[in-house]
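Report on the following structure.
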Ligand SMILES: Cc1ncc(C[n+]2csc(CCOP(=O)(O)OP(=O)(O)O)c2C)c(N)n1
Ligand SMILES: Cc1ncc(C[n+]2csc(CCOP(=O)(O)OP(=O)(O)O)c2C)c(N)n1
Ligand SMILES: [Mg+2]
Ligand SMILES: [Mg+2]
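Here you go:
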C-alpha cells in the first residue's frame, strides 16, 4: 500500500485456493478490523478512550479465519485483545466503539471497555483481562456443551504470555482429562508486553505441552485467513465429532505496541518490516489483484466504504450518551 | 515377614550391587520409618494424635534413597506426607512424635503437627499442606542457591495428585526457564486420596510434561533405595553442575489409606498384595539374607532395637509438655 | 420431622435439587466414588451417575472456573471445596469471574451456582487448614454468602442457594457435619438474607453465624445463670445481610456482642459493629464488643488452638462487660 | 530537598537498598528491560544487571513463591505485582506461605520480603483491575501492610519495608505515581506502624491512607471554608496499626470519619470504626462514618466510575453530618 518495491513473499496455497468472493470477503473483514483499530487509536489520542487499549492490527487473519471455521452457536472466548474477534463475529461496529467510549450504546453498556467485549448472540463470549483465568471458563463452556450434547464448540484464545500461568494449565488439564469439545489457540505474537518469548517460556514450541494434556496439537506461522480457517476446522471438527480438545499455536505478530501506552521500542525496525511484508491482510489484497485482476481502484473503493463505515460508527458512538448514573447498580445481582 | 510362601520377585541390580553395610543401613532406616509410622497409627487410634495423619508406609525407599543422593546443605521440600523424609534426614524421632502429639518438644514446637515437619539444620525444609504451593517455594530455594552460587540443590517432592494444579506448573515453568538447580520428584503412588490416577490425569506418563518445561526427565518403578539413590543422583548432579532442573516420576505405592480417616476401600486386596510382594523394604531385607547370609535372628534384633527406639521416642514425646499458652503468640512476626 | 445430621441435610438438599432440575450437578474432589471427604454426597454418584457427580483432580482454579463457565451456559453447578481453605488457590475465579461476570457483561451472562464446603477452623489442622473465609467473600459485591449451623437451615438454605441465579458461597463446618437436628419432611426453602433469632432475650443482642452459633448459645445459657437474658441472632446469610433484624434487636436490648470464627482485623464482625454504631448510635448503652479468633495463625497443639478460638466463657465476659456487670 | 515523583522515590528506595545490601533483588513482570509497567524501576536493570533485576513470565503464583522460597534462604526479594489486582492469582502464596512460614516452622524460617505495586482503582480499567486489596491482606496475621501517599513517605517506608524481617505488602497507586513532593537528600527510614498527621485540626478526625489521603485533604479544605477544622491522619501502615494516634485524635475531636478506597463490607474502614467505638465510646459525639467505594463492581464508564469512588464533596457531607451541621 505504500507503493514501495519490496521483496514480497509468494502467495500461499490458501490464498490460491480461495475464490474471489472468499478473498473479497476476508479482505474486507480484515480491513474493517484494521480501520476500526486505527480509529480507536485516534480516539484514544484525542482522549475519547481511556484505560487500556490493546490493538489487533497484524493479527486480523486469525479472527477472520476462525470465524470461517465456526458454526452458528459455537463460542469464542478471548483475552483483552478482543476487538478483532467481536468485529469478525459480526458485532456492531458502533456498539464496539461506543464500548470503548464508555457509553450506554456500548456492547456491554459501557461498563466493560476495551477489555470486556461480550455479545452472546454473536458467539462472542468475552473479553477477559486476568491472564489465563478465561481458560477454565472456556473449558466450562465446553463442559456444558458436552453435558447438554448440544454440539457447540468453544474456541479459546490466549497469548503466548498466558502459557506459563496456572489457570491455563488447570483448564487444559481438565479439558484433556474429560475430553471436552474445546480448541485452545495460542496467538503467539512473539511478545508479552515488552518481553520476547525467550524470556518467558522455557521452550520455544508451545505445543510440546499438548502431550502432557493428552491433546492433539497443531502449530504454524499464520499466512492468511484461509489457512487459519482450514487448520482450525480440523480441530473444531475433532472437538465437535470426537469431543476432543486441541492445542494450536499460531505464530503471528502485532504491528503496534502492547497497548496504547507502549511505544514498542523493544523491537527493531527490521523485524517489524519483515512482518509487515507478509501481513496476511496485504497478502489477501495481493491475491485479489494478482490472481483475480481486481483493480487498485476497486480495492480503494472497498477501503473508502469501510473508512466511511467506521467513521460513521465512531460518530454514532460519540453520539451515544453516557450510561445513566443508576446504571452502575444494574447487574450486580440477578433479580428474579 | 508373614512366613507365607509367595511368588517373590527377583532381587534387583541395585540390591545386588550394594554392600552389606549399605543394605544394612538402608534396611534399618526404612524400618525405622515404618515402625515410627506404626506407632503413630497406634497413638492416633488412642487419641494422642489429632488432625490429619498421612503415613509413608510403602514409600520408605524413596526417602532413604534420596537421602543417600544428597549432600550436606541440600534441601528437601515435601508435602504433608513428610515423616519419612524427616526421619531419613536424621531428625530426632522423639521430636517428630512430639510434633504429632502437639507438644513443646515437637520438631516445630507443636504448632505444625503431622503436615508441617521442618528441621532446617537437617535439610528438612518442610512439610507443606496446600497441594502444589511448595513447588514455587522449592524453585525459590533453588533460585537462592543459584543467586548465592552456594552449590545447594533442592529436591522437591509432590504427589501424583499435585501435577494438575497451577502452582506446580508455574514453579516448574520458572525452574525450566531460569535453569534452577532443583529436582522435582513426583511420588506417583497411583492415588490421590481415593482417586486413581486415571481419573485425575489426562495421560499416564507424568514425565511427558517435562518437555514443555524444557527439563530432562526420568521415570521408573521404585524397587529399592539404591536404585532411587543412583537415578536421583544423576538429576542432583545435573542440578549442581549444570544448574538444570529435572522432573522424575517414581512409581510407588502406599500400603495404608490416604490418611488415618481413610480405610482405603477403593483398592482391591489383589492390588495391595501385589505391591506388598515387592515392598522395597522387604526386598532389601531379602537381599541381606539371600546375598549376605544375614540371619533372620540378626534382623529380628535390628527390628527389636528399632521398636525399642520408637517406643522410647513415643514415651519421651508423651512426656513432653504441651506448649506454654504464650507460645501461640511467638513467631507471628520476627522481632528484630 | 426427621432427625438428620447436617451432612445428611446437605446431601438431601443436593439430591432433591438434582431430582428437580437436570441442570444441577455436583463437582469437586472426592465427591463421587469416595462420597465426599466428609461424606456429604453419600449415595449421589450411585443415584445420578458420573455425568452429574463429578470427581475432579486437585485443580481448584480449574474446576471452579469450569463451574462458572458451565453456569454461564445455563447449568447449575454445585462446586464443592474439600475445605474453603483450598479456595485460596481459586480466589481469582471466585472474586473476578463468578462475582463479576453478570456486571462485566452488561447483564448478558450470569453465574447461577453454589460453592460449598467446610470453612474456618476444625480441630488441630494447623494454620493453613483453619482459616475463615467469611470476610474475603462477604467483602465482594456480586457474591451471596451463607453460613449454616443447623440441619434444618442447611437444607433449606442450600436448596434456596442452588436455585438462586447468583453465585452463592455456602459455608459449612467439619466439626458440625455430625450435628443432629429436626428437619421437616416436606419440601421447604429458606430465603437467603433472613437472619434467625435462635433465642429471644431482652438484655443483650448476641450475633453469630456458622460455627459461632453453638458458642453463642452456650454463652447465652451461662449468662442466663447470671441473670442476663441474651438474644441470639444467627445471621445465616452474611451477604445479603439482614440488617433490620439486627438493628431492631439492638434497639431493644441497647447492647450487642459479636461472636466470630475469624480474625479480628476487618472481619465480618467489624462490619457488623461499624453498621450498628452507625445506625443505632443513640440506642447503644455500651460499645459493641467482639469475641473472635486471636490475631494469630492457628497452632496445631490442642491447648493453643483452644486458646485461639473463641470460647463461651469469653463470650460471657463480653456479655457482662457490655452490661456493665461482673 | 529534592522534588521527586512517587515513582522516582520508589525507584530510589529500591536502588539505595540494592546498593546497601547484595541480597536485595527486584523481580516481576516487565521490571527489567521495560523498566516497569509504570516505570518504577527506571535504570535499575542497567545498574544492577539481570541477576538482580529479573523479568518474569506472567506467573504471579510462581514468582511470588520463588520470592518467598528465596527469602527463606536469606535473600531479600522485592516482588512487584504489575498491580495488586493480579495478586488474586497468588493469594494462597501470600496468605499461606509468606504470612505463615515463620509461625508454621516454629520460627526456623521467615520471609523477609516486600510485595509491592499499585492497588485499588486507577482510571477506567474496569472491574477486575480496580480492586482494593487492603482488606484482604490487612486481615492476615503475619503480614505487615503499608500504603503510601507521598514521595517522602514512599521512599522512607519502602526502605524500612525492605529491611523489615517480615513480609510486607506495600501499596502504591497508578494515579499517584506522578505525584511530586519533597524528599530529603540524606538517607532516612520511616518506621512501619506510625501514622502521620497530615493536617492538624480540632473538630473532626479524618482517617485515610493511600489514594484516599488526597481526597481527605481536599475535603478538609472544603470543610475549612465551612468553618470545620479537620484533623487528617494518614495511617500509612494498616498493619501494624497506629491505634494510639487515632484514639488520641478522636478523644480530642470527639468525631471521626474514614475515607477509604475500598468496598464497604468488612473493610479496613469497618475495622477502624469498630476499634474506635470500642476504645473511644464515651468520647464519641456522633457515630463514626465512612465514605468509600459503593458496594459495586467498578464500571468502566467515566461517569459511573466517578460515582463509585469516594469524592471530596461526599467526605465533606460526612464531616458535616458527624458535626451535626449542614
Ligand atoms: C494475572 C495477570 N498478570 C498480569 C497482567 C498484565 N498483563 C496484561 S496483558 C500482559 C501481556 C500478555 O501477553 P500475551 O499473553 O503474549 O498476549 P498479547 O498481549 O501478546 O496478546 C500482561 C503482563 C494481567 N492482565 N493478568
Ligand atoms: C489445594 C488443595 N486441595 C486439596 C487438598 C486436600 N488434599 C490433601 S492430600 C490430597 C490428595 C493428594 O494426593 P497426591 O498428590 O497423589 O499425594 P499422596 O497423598 O498420594 O501422597 C488432597 C486432595 C489440599 N491439601 N490442597
Ligand atoms: Mg503475546
Ligand atoms: Mg498420590
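Protein chains in written order, with the working numbering: chain L, -9 to 326; chain G, -9 to 326; chain A, 1046 to 1371; chain Y, 1046 to 1371.
Virtual Cβ for every residue (Gly too), placed ideally from N, Cα, C.
The structure displayed is predicted, hence computed values, not measured ones.
Can you find a CB in chain Y that lies within less than 9 Å of the CB of residue 1158(A)? Your numbering for residue 1158(A) matches position 113 in the third chain. Taking Cβ atoms only, chain Y never reaches closer than 9 Å to residue 1158(A), which makes this a no.
Distance check for residue 95(L) and residue 310(L), CA to CA, integer angstroms please. Counting from one through the first chain, the residue named residue 310(L) turns up at place 320. Counting from one through the first chain, the residue named residue 95(L) turns up at place 105. Looking at the two C-alpha atoms, the distance is approximately 6 Å.
If you measure from the beta carbon of residue 31(L) to each beta carbon in chain Y, is any gap under 9 Å? Within the first chain, residue 31(L) is the residue found at index 41, counting from 1. No, because no Cβ of chain Y sits closer than 9 Å to the Cβ of residue 31(L).
Could you tell me the boundaries of the alpha helix (DSSP H) in which residue 86(G) lies? Here residue 86(G) refers to the residue found at position 96 of the second chain. From DSSP, the alpha helix (DSSP H) with residue 86(G) extends over 83 to 91.
Do the stretch 148 to 159 of chain G and the stretch 1187 to 1195 of chain Y make contact, defined as three or more Cβ pairs closer than 8 Å? no
Which residues in the same chain have their Cβ closer than 7 Å to the Cβ of residue 24(L), if we skip the five residues on either side of it in sequence? Locating residue 24(L) in the first chain gives position 34, counting from the first residue. Excluding residues within five positions, the ones whose Cβ falls inside 7 Å are 47, 50 and 271.
Is residue 261(G) close to chain L? Criterion is C-beta to C-beta, closer than 9 Å. Taking the first residue of the second chain as 1, we reach residue 261(G) at position 271. No, residue 261(G) does not count as interfacial toward chain L.
Let me check understanding here. Comparing Cα to Cα, which of 1136(Y), 1116(Y) and 1171(Y) lies closest to residue 1347(Y)? Locating residue 1347(Y) in the fourth chain gives position 302, where the first residue counts as 1. Comparing Cα-Cα distances from residue 1347(Y) to each of 1136(Y), 1116(Y) and 1171(Y), the minimum goes to 1171(Y).
Can you check whether the CB of residue 1116(A) is closer than 9 Å to the CB of residue 1158(A)? Position 113 of the third chain, counting from 1, holds the residue named residue 1158(A). Position 71 of the third chain, counting from 1, holds the residue named residue 1116(A). In contact: residue 1158(A) and residue 1116(A) (Cβ atoms closer than 9 Å).
Local Cβ density within 10 Å of residue 258(L), reported as buried at 16 or more and exposed below that: Start at 1 with the first residue of the first chain, and residue 258(L) comes out as number 268. It is exposed - the Cβ of residue 258(L) has fewer than 16 other Cβ atoms within 10 Å.
Cutoff 9 Å: residue 44(L) Cβ touching any chain A Cβ: Reading the first chain from its first residue, position 54 is the one you call residue 44(L). No - not a single Cβ of chain A is within 9 Å of the one on residue 44(L).
So residue 211(L) contacts chain G; which residues on that side make the cut at Cβ distance below 9 Å? As a first step, residue 211(L) must be located in the first chain, where it is residue number 221. Within 9 Å Cβ-Cβ: nothing; residue 211(L) doesn't reach chain G, min ~20 Å.
So the candidates are 60(L), 65(L) and 298(L); which of them puts its Cα closest to the Cα of residue 1114(A)? In the third chain, counting from the first residue as 1, residue 1114(A) sits at position 69. Residue 65(L) is the option with its Cα nearest to residue 1114(A).
In chain A, what lies closer than 8 Å to residue 157(L) by C-beta? Within the first chain, residue 157(L) is the residue found at index 167, counting from 1. Going along chain A in sequence order, the residues near residue 157(L) (Cβ under 8 Å) are 1106, 1107, 1110, 1137 and 1138.
Please state the DSSP three-state secondary structure of residue 1160(Y). As a first step, residue 1160(Y) must be located in the fourth chain, where it is residue number 115. DSSP places residue 1160(Y) in strand when its eight states are reduced to three.
Compute the beta-carbon to beta-carbon distance between residue 1138(A) and residue 1109(A), rounded to the nearest angstrom, for a pair I have assumed lies under 8 Å. Working through the third chain from its first residue, we reach residue 1138(A) at position 93. Working through the third chain from its first residue, we reach residue 1109(A) at position 64. Indeed, because the Cβ distance is near 4 Å, the residues count as touching under 8 Å.
Might you give, ordered along the chain, the residues of its own chain that have their beta carbon closer than 6 Å to the beta carbon of residue 1082(A), omitting 5 neighbours on each side? Residue numbering aside, residue 1082(A) sits at position 37 when the third chain is read from its first letter. Answer for residue 1082(A): 1075 and 1127, listed in chain order.
Starting from the beta carbon of residue 319(L), find every residue of chain Y whose beta carbon is closer than 7 Å, and list them in chain order. Locating residue 319(L) in the first chain gives position 329, where the first residue counts as 1. Near residue 319(L) (Cβ distances below 7 Å), the residues of chain Y are 1341.
Please return the same chain residues whose Cβ sits closer than 8 Å to the Cβ of residue 1372(Y), not counting the five positions on each side in sequence. This structure cannot settle anything about residue 1372(Y), because the visible part of chain Y is limited to 1046 through 1371.
Can you tell me which of the three DSSP states residue 1060(A) falls into? Position 15 of the third chain, counting from 1, holds the residue named residue 1060(A). Looking at residue 1060(A) - three-state DSSP - the assignment turns out to be helix.
Look up residue 149(L) in the DSSP assignment and give the residues it is bridged to. Taking the first chain and counting its residues from 1, the one referred to as residue 149(L) is at position 159. Residue 149(L) pairs with 177(L).
The stretch 249 to 269 of chain G in contact with the stretch 175 to 194 of chain G per 3-pair CB rule at 8 Å: yes
Cβ neighbours of residue 253(G) in the same chain (closer than 8 Å, five flanking residues each side left out): If you number the second chain from 1, residue 253(G) lands on position 263. The residues are 247.
Please list the partners that residue 163(G) has in chain Y, where partner means a Cβ-to-Cβ separation under 9 Å. In the second chain, counting from the first residue as 1, residue 163(G) sits at position 173. What residue 163(G) touches in chain Y, judged by beta-carbon distance under 9 Å, is 1102, 1104 and 1107, going in chain order.
CA-CA distance, residue 1367(Y) and residue 1261(A)? Taking the fourth chain and counting its residues from 1, one reaches residue 1367(Y) at position 322. Taking the third chain and counting its residues from 1, one reaches residue 1261(A) at position 216. The alpha-carbon atoms of residue 1367(Y) and residue 1261(A) are separated by roughly 33 Å.
Any heavy atom of ligand 3 closer than 8 Å to the beta-carbon of residue 181(L)? For the purposes of this step, residue 181(L) is taken as residue 191 along the first chain, with counting starting at 1. For residue 181(L), the shortest C-beta to heavy atom distance toward ligand 3 is below 8 Å.
Compute every distance between the C-beta of residue 328(G) and the non-hydrogen atoms of ligand 2, then say whether any falls below 8 Å. In the structure as shown, chain G begins at -9 and stops at 326. Residue 328(G) is therefore absent and cannot be evaluated.
Cβ neighbour criterion (16 or more within 10 Å) applied to residue 213(L): On the first chain, residue 213(L) is found 223 positions in, with the first residue counted as 1. With 16 or more Cβ atoms within 10 Å of its Cβ, residue 213(L) is classed as buried.
Residue 996(A), DSSP secondary structure in three states: This structure does not reach residue 996(A), given that chain A is present from 1046 up to 1371, and the question cannot be answered.
Rounded straight-line distance, which links the Cα of residue 176(L) to that of residue 168(G): For the purposes of this step, residue 168(G) is taken as the residue at position 178 of the second chain. For the purposes of this step, residue 176(L) is taken as the residue at position 186 of the first chain. Computed Cα separation, rounded: 22 Å.
Would you mind giving the Cβ-Cβ distance between residue 1353(A) and residue 93(G), rounded to the nearest angstrom? I have them listed as a contact below 8 Å. The residue you call residue 1353(A) lines up with position 308 of the third chain. The residue you call residue 93(G) lines up with position 103 of the second chain. No, residue 1353(A) and residue 93(G) are not in contact; Cβ-Cβ is about 17 Å, not under 8 Å.
Please state the DSSP three-state secondary structure of residue 325(G). Within the second chain, the letter at position 335 stands for residue 325(G). Looking at residue 325(G) - three-state DSSP - the assignment turns out to be coil, as it is neither helix nor strand.
Contacting residues, own chain, Cβ-Cβ under 8 Å from residue 1370(Y) (five flanking each side not counted): For the purposes of this step, residue 1370(Y) is taken as residue 325 along the fourth chain, with counting starting at 1. Same-chain partners within the cutoff: 1271 and 1273.
Given 8 Å, three or more beta-carbon pairs between the stretch 290 to 303 of chain G and the stretch 1194 to 1209 of chain A: no
Enumerate in chain order the residues of its own chain whose CB-to-CB distance from residue 1084(Y) is below 6 Å, with the five nearest sequence positions on each side excluded. Your numbering for residue 1084(Y) matches position 39 in the fourth chain. 1052.
Residues of chain A with CB under 9 Å from residue 1282(Y), in chain order? Translated into positions along the fourth chain, residue 1282(Y) becomes position 237. Residues of chain A passing the Cβ test: none, with the nearest at roughly 13 Å.
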